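Asker: Numbered per the numbering used here, the sequence shown finishes at 766, counting up by one with no gaps.
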Amino acid sequence: METDSLLTGSVNRAPGDYGSRSGPEIEGAPGSRRMSYSVASQSCSVESDTDDMDLYVQQAVVFIEDAIQYRSINHRVDARSLRLYRWYYSRICQWGLGLTIAVVLLLAFVERPSSLSISSDLRRRSPHWEPQCGVTESIEMVCLIIFTLDLAVKSYLIGWEEFRKNKWLIGYTIVISVSVIDWMLSVSMVCDEKLRVRRLLRPFFLLQNSSLMKKTLKCIKRTLPEIASVILLLALHLCLFTMIGMLLFAKTEDPKKNMEWELHFRNLPNSLTSLLVLLTTANNPDVMIPAYSLNRGYSIFFVAFSVIGTYCLMNLLTAIIYNQFRGYLLMSVKTSIIRRRLGIRAAFQVLSCQGARRAAEERVRVNAVLEVMSRVEMKSYYRAAITTEAQQYADVGYMDREQFQKIFDELDKDCIKEHPPLPQYTSPVLQRLQVIFSHYYLTILGNAVALVNVMCICTILVLNSEKSTAERDDFVLEIINFCFILYYLFEMCVKIFAFGWRGYLSYKNNIFDGFLTILLLALQITIYAVHGLSYSRVDPSSHGVMSLWEMIRLVNMLIVFRFLRIIPDIKLMALVASTLLDLVKNLRAFAGILVVVYYVFAVFGIWLFEGAIKPPSAMSVLSNTTMENITSNFSMECGTYEQLEYWPNNFDDFAAAIILLYDVMVVNNWQVFLDAYSRYTTEWSKIYFVCWWLISSVMWVNLFVALILENFIYKWDRSHSCSVTDVERIRYETSVQLMFKEQIQEPTEEELLCQLHQHPHLHLHW
């Protein structure tokens, strides 16, 4: 069970303190037993029934699984609890819990105000479909019941003492309680309440279910003081230049020279907003043009502001966030490494109790280790590697502590994907063909052919760019494409012949290649079957579910998409692509926190700004006119929300709020939203958007860049000596823990024993 602290108690506790601990019997075990250890000789004696011997194996299995998943071993270890623990962490149970979290978060798209409309444009939007009262509430109550059961199981497995120390579980209890109370109020008010507090609390369910997300959040919290110092420096820079700007562009007697003052420096809020937006370059050079048109010397003010703020302080902020966050993430990963070592050490300890009742030194039976490995839920290649290492000690029959820990070093090694051996042919001709068709040059030839195919498509697209669908003649292109598809089919067949089915499918790019080749061939045959060989005179917009032109476009898009096959054959490109794939896995914690922040700000945005922006008044009186006529019935200043027709960007439903927040995070034209909501509501609304910009664009994007750099540097260091073929032959299983492993000092035996002594449920006597 994941807990905040690695284990309770202090690592620096004096050894003499451990003897004072009491040793109650293990709860729930079939028979009572006590385990005692001597500190001097580290020997183990066990008073237990024969039937209880299997319990040690069960405990070792769970401890090894905890080590693999970097989980804390601070949970109950009796037989019944171990069965419940393994069931709770089974794939189906965790997937069910994840699905429940997804459902409760997605309810925001259906609840009032519902996002179930084709368009979010205030002028075009049809009335929302609103579910009847009780529909979403019933689904939510089922989710809350599941969360309550989840909390009960977690609390039972770690025990009351550990529960009291776990802030996340206490928060879990509070959030569920508040959600249930708010749900009851909602039902009693027939779903007509203005605010649903529980919507704001739902992201907590996502946070508390991810250990890595908790660690990332803790790292962000510890990084905040350093970030705050740079943000304060940015604020000082902004205020200083605001004062200078207001003095420099003060109102004069000549109206022609007051354009800069009128547009950007009329008052303090307007001046701060203009320069804050300039800090993100979103309004550059618009903010400078009125003054620059009068005197080119005014450009010095704006250039100096941008150079100091945008290029110096903002990049300094990126460097500080990268450096500080990396250090705290390193500390967090160290905790995970200690958990792994502690789980392995605990497994050895319980197995040594099973195998040696009066042993002079601690050791475990190889047969017991093999039995444990046969029960552990883990990836097959790790199981095979550890089992192979353990079988080396089969002749001796026993393993000591160092040997036991050494075999589990396989968990910390990169997973290397080895491809099956080539099939053996007896005929010399077939052998020679196998050598030719398995050569790397065949792949290069296939890439060249794919490039020529894409160039043909580009040429035809350029020639037909000005033609209508009826005027296009794609007959020649389709014949050319069919010839290329036949070559792709030939290439696939000869590779299957050279590598065999298993060998061919062991390469991911071959799977990608083969799937698209078969799909292209099926589409091409369908075109000829439906439209005939002489379809150049056929109306491209007619016939069946898919028109001729739609089928041709689909074929061409698949051919262009297939050209991505070149990525694994270019080393640097393959390295970048593999880094991006690893980011999908390793950035789940960051993505989860971003989802939480988006969710909270979207809910707040709906509370604050729902219905604030109204569509043009002409919409209410004009029903049979076109949209162009409607928009022409009113005039707005250039560059405003209304003139740019940003009507789909609003806070009138959850989905629209998410898109608006994304637009602000990108910071392109985000001053339009600042201006619009300050006009429709109040100037204080700018605080909401500035806070979102700081959290999303300044903090999270910089954290994202930091981990991208770390991931890419790790990949580059591991792959810089590989050839092009090695990049395809070898696949590294990269994780955050492996990225920082070489920079982390391994825990000592004394530290592990100090942690193990304080296990609240194992009841060891030392």
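We treat Cβ as the ideally placed atom computed from N, Cα and C, and that holds for glycine. This one's a predicted model, so the numbers in the text were calculated from it and none came from an experiment.
#1: Contact check, residue 74 vs residue 760 under 8 Å by CB: the rounded distance?
#2: Using the three-state DSSP reduction, which class does residue 680 fall into: helix, strand or coil?
#3: Is the distance from the Cβ of residue 768 to the Cβ of residue 154 below 9 Å?
#4: Inspect the beta-carbon positions of residue 274 and residue 671 and report whether they are closer than 9 Å.
#5: If you compare alpha carbons, which of 638, 653, 703 is closest to residue 669?
#6: What is the DSSP secondary structure of residue 398, reduced to helix, strand or coil?
#7: How long is the line joining the alpha carbons of residue 607 and residue 195, rounded to whole angstroms?
#8: Just the Cα atoms here: how many angstroms apart are residue 437 and residue 485?
#9: On the premise that residue 349 lies in contact with residue 756, defined as a C-beta separation below 8 Å, what is that separation, rounded to the nearest angstrom?
#10: Mark residue 431 as exposed unless 16 or more other C-beta atoms lie within 10 angstroms of its C-beta, in which case mark it buried.
#11: If you draw a straight line from the alpha carbon of residue 121 to that of residue 115, how long is it in whole angstroms?
#12: When burial is assigned at 16 or more other CB atoms within 10 Å of the CB, is residue 758 buried or exposed?
#13: Between 279, 259, 319, 277, which lies nearest to residue 295 when the distance is taken from Cα to Cα?
#14: Could you say if the segment 200 to 212 and the segment 166 to 176 meet the contact criterion of at least three C-beta pairs nearer than 8 Å?
#15: At a cut of 8 Å, does the segment 460 to 468 reach the segment 492 to 512 through at least three beta carbon pairs?
#16: Shortest alpha-carbon distance to residue 498 belongs to which of 423, 605, 476?
#17: Given a cut-off of 9 Å, decide if residue 478 and residue 513 are closer than it, judged by their beta-carbon atoms.
#18: Helix, strand or coil for residue 341? Go by DSSP, reduced to three states.
#19: Taking three-plus beta-carbon pairs below 8 Å as touching, is the segment 684 to 696 in contact with the segment 157 to 172?
#20: Can you check whether the CB of residue 698 is closer than 9 Å to the CB of residue 372?
#21: Looking at the unbroken beta strand (DSSP E) that takes in residue 364, where does it start and where does it end?
#22: How about residue 214 and residue 168: do their beta carbons lie closer than 9 Å?
#23: In angstroms, rounded to a whole number, what distance separates the CA positions of residue 692 and residue 666?
#24: Under 8 Å, with one C-beta from each stretch per pair, do the segment 263 to 270 and the segment 298 to 313 reach the 3-pair mark?
#25: Relative to the alpha-carbon of residue 689, which residue among 284, 598, 192, 240 has its alpha-carbon at the smallest distance?
#26: Ordered along the chain, which non-local residues of its own chain (more than five positions away) have a Cβ less than 8 Å from that of residue 339?
#27: For residue 410 versus residue 389, is the C-beta distance shorter than 9 Å?
#28: Excluding the five sequence neighbours on either side, which residues of its own chain have a C-beta within less than 6 Å of the C-beta of residue 641, listed in chain order?
#29: Determine the direct distance from the alpha carbon of residue 244 to that of residue 252, and round the result to whole angstroms.
#30: Should the segment 589 to 604 be regarded as contacting the segment 640 to 659, the criterion being three or more beta carbon pairs within less than 8 Å?
#31: Classify residue 593: buried if its beta carbon has 16 or more other beta carbons within 10 angstroms, exposed otherwise.
#32: Would DSSP call residue 40 helix, strand or coil?
#33: Measure the beta-carbon distance from residue 702 to residue 318 and round it to whole angstroms, keeping in mind my assumption that it falls under 8 Å.
#34: Have a look at residue 136 and residue 111 and give me their C-alpha separation to the nearest angstrom.
#35: So, for residue 560: in the same chain, excluding its five sequence neighbours on each side, which residues have a beta-carbon less than 7 Å away from its beta-carbon?
Answerer: Considering the structure as presented:
#1: Residue 74 sits at position 74 when you count from the first residue of the sequence shown. Residue 760 sits at position 760 when you count from the first residue of the sequence shown. The pair is a contact, with the Cβ atoms about 6 Å apart (cut-off 8 Å).
#2: Here residue 680 is taken as the residue at index 680 of the sequence shown, counted from 1. Residue 680: helix per DSSP, three-state reduction.
#3: There is simply no residue 768 to check, as the chain begins at 1 and stops at 766 in what is shown.
#4: Here residue 274 is taken as the residue at index 274 of the sequence shown, counted from 1. Here residue 671 is taken as the residue at index 671 of the sequence shown, counted from 1. Their beta carbons are under 9 Å apart, which means residue 274 touches residue 671 by this criterion.
#5: Taking the first residue of the sequence shown as position 1, residue 669 is located at position 669. Nearest C-alpha to residue 669: 638.
#6: Mapped onto the sequence shown, residue 398 falls at position 398. Correct three-state label for residue 398: strand.
#7: By one-based count along the sequence shown, residue 607 stands at place 607. By one-based count along the sequence shown, residue 195 stands at place 195. The alpha-carbon atoms of residue 607 and residue 195 are separated by roughly 7 Å.
#8: Here residue 437 corresponds to residue number 437 of the sequence shown, with the count starting at 1. Here residue 485 corresponds to residue number 485 of the sequence shown, with the count starting at 1. About 18 Å.
#9: For the purposes of this step, residue 756 is taken as the residue at position 756 of the sequence shown. For the purposes of this step, residue 349 is taken as the residue at position 349 of the sequence shown. With 8 Å as the limit, residue 756 and residue 349 qualify as a contact, their Cβ atoms being about 7 Å apart.
#10: Stepping through the sequence shown from its first residue, residue 431 is reached at position 431. It counts as exposed.
#11: Here the question's residue 121 lines up with position 121 in the sequence shown. Here the question's residue 115 lines up with position 115 in the sequence shown. If you take the alpha carbons of residue 121 and residue 115, they lie about 12 Å apart.
#12: One-based indexing of the sequence shown puts residue 758 at position 758. The residue in question, residue 758, is buried, as its Cβ has 16 or more Cβ neighbours within 10 Å.
#13: Your numbering for residue 295 matches position 295 in the sequence shown. The candidate whose alpha carbon is nearest that of residue 295 is 259.
#14: yes
#15: no
#16: Counted from its first residue, the sequence shown places residue 498 at position 498. Closest by alpha carbon: 423.
#17: Locating residue 513 in the sequence shown gives position 513, where the first residue counts as 1. Locating residue 478 in the sequence shown gives position 478, where the first residue counts as 1. No, the pair does not count as a contact, with Cβ atoms beyond the cut-off.
#18: The count along the sequence shown starts at 1 and reaches residue 341 at position 341. Here residue 341 sits in helix by DSSP.
#19: no
#20: As a first step, residue 372 must be located in the sequence shown, where it is residue number 372. As a first step, residue 698 must be located in the sequence shown, where it is residue number 698. Cβ distance not < 9 Å, so residue 372 and residue 698 don't count as in contact.
#21: Locating residue 364 in the sequence shown gives position 364, counting from the first residue. Start and end: 363 to 365.
#22: For the purposes of this step, residue 214 is taken as the residue at position 214 of the sequence shown. For the purposes of this step, residue 168 is taken as the residue at position 168 of the sequence shown. Cβ atoms of residue 214 and residue 168: closer than 9 Å.
#23: Position 692 of the sequence shown, counted from the start, is the residue given in the question as residue 692. Position 666 of the sequence shown, counted from the start, is the residue given in the question as residue 666. Using only the alpha carbons, I get a separation of about 11 Å.
#24: no
#25: Sequence index remark: in the sequence shown, residue 689 carries index 689 (1-based). If we check each option's Cα against that of residue 689, 598 comes out closest.
#26: For this step, residue 339 is matched to residue 339 along the sequence shown. If we look at residue 339 and ignore the five residues flanking it on each side, its Cβ neighbours are 6, 66, 67, 70, 71, 72, 73.
#27: As a position in the sequence shown, residue 410 is number 410, starting the count at 1. As a position in the sequence shown, residue 389 is number 389, starting the count at 1. Going by C-beta atoms, residue 410 is nearer than 9 Å to residue 389.
#28: Looking up residue 641 in the sequence shown gives position 641. Answer for residue 641: 672, 676, listed in chain order.
#29: Counting from one through the sequence shown, the residue named residue 252 turns up at place 252. Counting from one through the sequence shown, the residue named residue 244 turns up at place 244. The straight-line gap from Cα to Cα measures roughly 16 Å.
#30: yes
#31: On the sequence shown, residue 593 is found 593 positions in, with the first residue counted as 1. Flag for residue 593 reads buried.
#32: Translated into the one-based positions of the sequence shown, residue 40 becomes position 40. For residue 40, the predicted structure reports a pLDDT of 33, less than 50, and the residue's modelled location is therefore unreliable. A value from the coordinates is still provided. Three-state result, residue 40: coil.
#33: Residue 702 sits at position 702 when you count from the first residue of the sequence shown. Residue 318 sits at position 318 when you count from the first residue of the sequence shown. Their Cβ separation, rounded to whole angstroms, is 5 Å, which keeps residue 702 and residue 318 in contact under 8 Å.
#34: Looking up residue 136 in the sequence shown gives position 136. Looking up residue 111 in the sequence shown gives position 111. The straight-line gap from Cα to Cα measures roughly 7 Å.
#35: Position 560 of the sequence shown, counted from the start, is the residue given in the question as residue 560. Correct list, in chain order: 454, 457.
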